[in-house]
Each structure stands twice: as structure tokens, then as C-alpha cells.
Amino acid sequence: MAESAIRSATVHAGAAKAQRAGEKWAPWILLAPTLVIMNVVGVYPLLHSLYISFTGAKPTDPNAHQGWVGLKNYAEVVSDGQFWHAVLVTGGFTALSVVSSLVLAVLMAILFNRPLPGFVLMRSLILIPMLVTPIAVGLIWRIMMMPELGVLNYLFGIVGLGPFQWGSSRGSALASVVLVDVWQWTPFMFIIIFAGLKSLPRSPFESAQIDGASGWQTFWQVTVPMLKPVIVIAVLLRLIDAIRTYDTIYIITRGGPDFVTDVVSIYLQRVNFRFFDLGYGSALSWVTMLLILAVVLIFVNLSGFLRIVNEKEAR
Amino acid sequence: MSATLARHKARERRRAVTLWLLAVSVTVFFFFPVYWMFSSAFKTDEVSSTFPPVFTFAPSMDNFVHLFLEAEAGKALWNSFFIVTIATLLAMIAGTMAAYALARFDIKGKNAMAIEILSVRMLPPIVSVIPLFMIARWLGIFDTPWLLIAVYTLSGLPFVVWIMRVFIQDIPQSVEEAAMIDGCGRIEAFWRVTLPLLLPGLAATMVIVFMFAWNEFLLASLLTSSDAKTLPVIAANAIKPKAIAFGLACAAGVIMSMPVIVLVLMMQKYLVQGLTLGAVKG
């Protein structure tokens, strides 16, 4: 009886040890599929595109030199006025869109942070724009913005404004695509910031009230500092997506009129797939990627994003 | 005294009503275009192109009939569904495994790996299109669903890994250890104890990954030519050189958007945490 108990105990200990020995490889087995997919579908094409960027690849032009050209493509990028114009447009578009949706989202979060009848329904309706397929967003706004038939000019006409040319005039095209982007992605910022606002502790607000702070003072000295981590995360995610906006601009203006909305992703698509200038296009893509990386890193450093994330981990 | 109190109360009420009206107008701003898309989908082109626009009309199913009979939307719908479902499942399985490894095991270079996985999320898709295009030609999988499945699995992975890592970390390790002391292996402990607790998180993550792949246009338009076209690609065709096919565009928009709207509104509770890669709790 006792003997068998001892034997089963040793068997158990042995099994546990074997299990732990086997577990040495377990994390790597678990990570393997992800690493394989990332390297085969992600990293390998990237390195391949780095190689292409040093060649004159242009499948539509058999007479062109398709082989190694060294840094020629990169030298061309530096003096490509159209590209740097696109970079400026992208910068303007991103800054306008991110800042306006941030301001709007914060105001909305504060507005909705009180008991309002019909709140649940309103919040669900406000969420919908970020769920609509971007192509559909582009189509519906393009239809609504038509100068002669569009419902927007009709509605503005009722209150005596307009008619506006929206996406079809040089002056208002960029503002129009920014408006669409703000409409689509403010809900995303809003639900994140709203969730952050809801999770703030009550006591700092109460002590601010006791100290006789005005609403404005409370906002800048209590609410904003406490919301900062959430705002940083929301802005970072929005920034990454706004820089690569393609779908809605492609549908509404295609970069026009006169290239005023020609963002980098539209320009890249044109170089690569209309002119099939693959070598040069790859060099442009790499420069773009490095620029985006620089912007994101600058933002990450200035905002202390990593500190915020690590604090989350530590908790 | 009571007069000032009454005045104060009246002012409070006016303020509440003003704020409520403000909230309603914000809601109208965000919802009106969606409403306009849904209502235009049921208008004939004749009704759509009248000015001033009409708000009441006899609904017609013409656009949907036309979309499925002539614009090949049926096939595109199937392609979208097939490609996105398979890619989502692959990303969920591979990503959850990786997330478990990152959350529960002590591995060297763990943070570097997490950052590397996240940087896939930052990559502008246009950068890898050219090599993917060339590789796909070479492998003979251009314009087949498999190419887009591979691409969407890749773009879904970082989300799954980051979000599921946070969800798994939220479940105390002791729960699993208790099961392991009771004689379960690690796999059995995960399957019987951790997985059921993870289900809501898994569902929310799946909905988000599904949404991004379902809505994707750029890669779908460049990596397909006819057989593997997805819904957004077909919908973009509603723009003709000189005009827009109103009804067709709106009907396609409705069909594309409905699944995502329904799925996400069902999962609202976990949406914020999912969208912020686990960093903000909703």
C-alpha cells in the first residue's frame, strides 16, 4: 500500500519534470506559425522590394535597363518635386485630420459624460461611421457632395449657404477629404477617449470643486493631464492610419484637382501601377516608409508612449 | 429665496436641454450620411437624380437585383466571405498561440519580438505590393483567393498577438496552475480553464480582424484582376468615367457595411480594448 503510494509519487514527479523539459521548446512551437507568416509574407517581400529599388525594373519597357542601377533611383527621389509635393499634402492632410478629430472627440466625450436621455442609442449611431467600408464612405460622400445634385448643397442652401464645389475645386478639395476623414474616424477617437474619461477616479474632480476651480481650470489642470495616456494612444493609432489614407481620397478626388489632394499613397500607386516603374516605385516606397517611421518615432519619443505602455505592463 | 432657487432650477433645465440638443445634432452629423446611403440604396436612379433631393419615395429593390445580376456582386460577396473568414481564422489561431507564449513564458527578446510584430501594423501596404505582385506571378497564385488570404492573415496577426496577450495576462496564472496540479497537462489546462475565460476577448478580437480585412481595398484592387475580386473592388467600379451609378454604389455600400455594423454593435463591450491593442479598457 505505502510502497505503491511512493511509486506513484515518483512517477508523478518524473512526469512533471519531463513536462517542464518538454516545455523548453513549447514557446517556440507556439510562436512558430506567427514568425513563419511574418517572415514569409511580411519581411521577405520587404527585403525583395529593397533589392528592386536598386534596379531599373520596368516590365512594360523591354528596352530599359532592368538590372542593377545602384543609387540612381534614390538620387531621383531626392529631386522628385511631385513626390515632395505629395509628402507636404500628406503632412497637411494628416495634421488637419488628426487635430480636428482629437478636438472634436474630446469635446464629445465631455458632452456625453453626463446622463442624457437616449444616450445608448446615440452612442451606437455615432459609432457606425468607423464601421462603414472606406470605399462606401468615399462613394456616399462623393454622391452627397455633388455640386448640382448633392444633398449637402441642398441642406446648406436651406440655411442660405453655398453652393460649394467640395471636392471638385482646388480651393476646397483638401478640406473636403479632411472632412470625410474626420467624419469617419472621430468616432474611433471618441470611444477611446470616452472610455478613458469614464475610468478616471472621481476624487481629483471633487477636490478641484472644493478648491473652487472653474470648469475651464478643471478641464486643463485635471481632466487633460489625467487623460493624457489615453489621448496619446488614440492619437498614435490615428496618426499611423491617417498617413496611409488611400481609399476615400481615391474615390472622392483621385488626388485631383491639380494634385491638391495627391497624397503619397495615391502618388505611389500611380508610379507603380499606371507607369509600372517598379524600380523607381520601390525606392519611393522605401523613402516613404522611412519618413513614416521617423514621424512615428518622433511622436513616440515626445509623448512618452513607451513609458505609458510599460506602466500598463507593470500594473 | 425660493424665487432665486426656482430661477436657478429653470436655468439648470435650460442648460440640460441645450446640451441634449447639442448631443442630438452631433449624432445627426455622424448618422446622416449612413442614413442617406441606406435610403439611396432603395431609390431608383430616376429618384436619386432629382433636385431638390427627396426624403420620401416608394422603395425599390432594383439596385440590389442589378448588383447581383449584372455587376457580379454574388461572386465578389462569396470571395470576400471566403477570403476574409479563412484569413481571420488563421490569424486568430496563430496569433493566439504566439500571444500565449509571450504572456506565459519567459523568453529572451520578448519585447523586441512584440515590437517587431507591431511594426507590421505600421507598414504602408503599398510598400510590399510590388514584391508580392511579382512573387505571386512567379508562384502562379496571382488573382486567386490564396494570395489575399496570406496577406490578410499577415495584417491581422499583430492585432491578435497584441490584444490576446493582454487578455491572457488578465487571467491569473494561478487558475491554470491549479488545474495543472490537479493533473491536467498545460494544453488540457489551457483548453479547459483558460480558453473558456478568453472567449469574449477572442470574439471581440475576431470581429476587429474581420472588419479590417473585410473593408480592405488597396491590396484587393492591386492583387486581383478578375476571379478573386472582393466586394470593395466591385463597389469602386460604380464610378464610371463620367458619372457615378448612385443606386449601385449605395446598394454595394449597404451590403458591405451591414455584416460589420451588426457584428461590432454586438461586441461593443470589448471594442475599445480591442481597438487600442489592449491598452485602454472600455
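Protein sequence lines, in the order shown, are assigned to chains E and P.
Residue 149 is where the first sequence starts when you use my numbering, and the numbers rise one by one after that.
Residue 50 is where the second sequence starts when you use my numbering, and the numbers rise one by one after that.
No residue lacks a Cβ here, since even glycine has one placed at the ideal position from N, Cα and C.
Check whether chain P comes within 7 Å of residue i, counting only Cβ atoms and requiring the distance to be less than that.
{"i": "Ala161 of chain E", "result": "In this prediction, Ala161 of chain E has a pLDDT of 43, which is less than 50 and means its spatial position is unreliable; what the coordinates show is noted afterwards. No, no contact with chain P."}
{"i": "Met374 of chain E", "result": "no"}
{"i": "Tyr222 of chain E", "result": "no"}
{"i": "His213 of chain E", "result": "no"}
{"i": "Leu287 of chain E", "result": "yes"}
{"i": "Ser156 of chain E", "result": "Low confidence applies to Ser156 of chain E: its pLDDT is 45, below 50, so where it sits in the model is not reliable enough to give any reading."}
{"i": "Arg402 of chain E", "result": "no"}
{"i": "Met337 of chain E", "result": "no"}
{"i": "Thr281 of chain E", "result": "yes"}
{"i": "Ala284 of chain E", "result": "yes"}
{"i": "Met437 of chain E", "result": "yes"}
{"i": "Thr371 of chain E", "result": "no"}
{"i": "Pro311 of chain E", "result": "no"}
{"i": "Arg350 of chain E", "result": "no"}
{"i": "Tyr428 of chain E", "result": "no"}
{"i": "Leu432 of chain E", "result": "no"}
Please look up how many angstroms separate the CB atoms of residue i and residue j, rounded, as I've assumed it's under 8 Å.
{"i": "Ile397 of chain E", "j": "Thr409 of chain E", "result": "6 Å"}
{"i": "Phe113 of chain P", "j": "Ala300 of chain P", "result": "5 Å"}
{"i": "Met294 of chain E", "j": "Phe336 of chain E", "result": "With 8 Å as the limit, Met294 of chain E and Phe336 of chain E do not qualify as a contact, their Cβ atoms being about 27 Å apart."}
{"i": "Ala113 of chain E", "j": "Val372 of chain E", "result": "Since the first residue of chain E shown is 149 and the last is 463, residue 113 of chain E is not available in this structure."}
{"i": "Ile478 of chain E", "j": "Val378 of chain E", "result": "Outside the displayed span of chain E (149 to 463) sits residue 478 of chain E, for which this structure offers no information."}
{"i": "Phe413 of chain E", "j": "Pro245 of chain P", "result": "Residue 413 of chain E is actually Ser in this sequence, not Phe. Incorrect: roughly 42 Å between the Cβ atoms, too far for contact."}
{"i": "Val200 of chain P", "j": "Met437 of chain E", "result": "With a Cβ gap of about 17 Å, Val200 of chain P and Met437 of chain E do not count as contacting."}
{"i": "Val133 of chain P", "j": "Phe259 of chain P", "result": "6 Å"}
{"i": "Gly296 of chain P", "j": "Asp94 of chain P", "result": "5 Å"}
{"i": "Ala343 of chain E", "j": "Val329 of chain P", "result": "6 Å"}
Taking residue i as the reference, which of the options has the closest Cα?
{"i": "Lys172 of chain E", "options": "P:Asp276, P:Phe191, P:Lys330, P:Phe154", "result": "P:Phe154"}
{"i": "Pro207 of chain E", "options": "E:Leu450, E:Val444, E:Leu426, E:Leu441", "result": "E:Leu426"}
{"i": "Ile440 of chain E", "options": "P:Leu138, P:Met171, P:Ala285", "result": "P:Met171"}
{"i": "Leu219 of chain E", "options": "E:Thr401, E:Leu273, E:Gly266, E:Ala431", "result": "E:Ala431"}
{"i": "Glu265 of chain P", "options": "P:Ser275, P:Leu116, P:Ser129", "result": "P:Ser129"}
{"i": "Asn221 of chain E", "options": "E:Val246, E:Ala205, E:Met186", "result": "E:Ala205"}
{"i": "Leu280 of chain P", "options": "E:Ala212, E:Pro282, E:Val226", "result": "E:Pro282"}
{"i": "Met270 of chain E", "options": "P:Ala150, P:Leu68, P:Ala72", "result": "P:Ala72"}
{"i": "Arg64 of chain P", "options": "E:Met186, E:Leu259, E:Thr203", "result": "E:Leu259"}
{"i": "Leu326 of chain P", "options": "P:Ile190, P:Leu70, P:Thr254", "result": "P:Thr254"}
{"i": "Leu195 of chain E", "options": "E:Ile446, E:Trp434, E:Phe447", "result": "E:Trp434"}
{"i": "Ala143 of chain P", "options": "E:His233, E:Leu178, E:Leu236, E:Gly229", "result": "E:Leu178"}
{"i": "Trp85 of chain P", "options": "E:Ala212, E:Pro193, E:Ala180, E:Leu300", "result": "E:Leu300"}
{"i": "Leu348 of chain E", "options": "E:Gly229, E:Val189, E:Gln417, E:Phe367", "result": "E:Phe367"}
{"i": "Thr238 of chain E", "options": "E:Phe423, E:Arg402, E:Thr393", "result": "E:Thr393"}
{"i": "Arg262 of chain E", "options": "E:Arg290, E:Ser245, E:Lys346, E:Ser362", "result": "E:Lys346"}
{"i": "Gly215 of chain E", "options": "E:Phe202, E:Gln230, E:Arg318", "result": "E:Phe202"}
Compute the Euclidean distance between the alpha carbons of residue i and residue j, then round it to the nearest angstrom.
{"i": "Pro405 of chain E", "j": "Leu197 of chain P", "result": "32 Å"}
{"i": "Leu271 of chain P", "j": "Trp176 of chain E", "result": "35 Å"}
{"i": "Val330 of chain E", "j": "Asn160 of chain P", "result": "33 Å"}
{"i": "Ser471 of chain E", "j": "Pro101 of chain P", "result": "Summary: the structure shown does not reach residue 471 of chain E, with chain E confined to residues 149 through 463, and so no result is reported for it."}
{"i": "Val328 of chain E", "j": "Val96 of chain P", "result": "25 Å"}
{"i": "Val444 of chain E", "j": "Ser88 of chain P", "result": "40 Å"}
{"i": "Glu119 of chain P", "j": "Ile283 of chain P", "result": "11 Å"}
{"i": "Leu384 of chain E", "j": "Val215 of chain P", "result": "19 Å"}
{"i": "Gly250 of chain P", "j": "Gly234 of chain P", "result": "23 Å"}
{"i": "Thr334 of chain E", "j": "Ile236 of chain P", "result": "42 Å"}
{"i": "Ile184 of chain P", "j": "Tyr199 of chain E", "result": "14 Å"}
{"i": "Ser473 of chain E", "j": "Gln313 of chain E", "result": "Only positions 149 to 463 of chain E appear in the structure, and residue 473 of chain E is not among them; the question remains open."}
{"i": "Ser106 of chain E", "j": "Ser197 of chain E", "result": "Beyond the ends of chain E as shown, which are 149 and 463, falls residue 106 of chain E; an answer cannot be given."}
{"i": "Ser227 of chain E", "j": "Asn187 of chain E", "result": "33 Å"}
{"i": "Val303 of chain P", "j": "Ala294 of chain P", "result": "14 Å"}
{"i": "Ala180 of chain E", "j": "Ala147 of chain P", "result": "8 Å"}
How is residue i classed by DSSP in three states: helix, strand or coil?
{"i": "Ile156 of chain P", "result": "coil"}
{"i": "Ala446 of chain E", "result": "For the sequence presented, residue 446 of chain E should be read as Ile rather than Ala. In the structure shown, Ile446 of chain E sits in a helix (DSSP, three-state: H, G or I)."}
{"i": "Thr203 of chain E", "result": "strand"}
{"i": "Trp173 of chain E", "result": "coil"}
{"i": "Ile257 of chain P", "result": "helix"}
{"i": "Ile288 of chain P", "result": "strand"}
{"i": "Ile293 of chain P", "result": "strand"}
Of all Cβ atoms in chain E, is any one closer than 7 Å to the Cβ of residue i?
{"i": "Ile175 of chain P", "result": "yes"}
{"i": "Thr105 of chain P", "result": "no"}
{"i": "Val83 of chain P", "result": "yes"}
{"i": "Trp69 of chain P", "result": "yes"}
{"i": "Thr325 of chain P", "result": "yes"}
Does residue i have its Cβ less than 7 Å from a Cβ in chain B?
{"i": "Tyr149 of chain P", "result": "Of the protein chains in the structure, E and P, none is chain B."}
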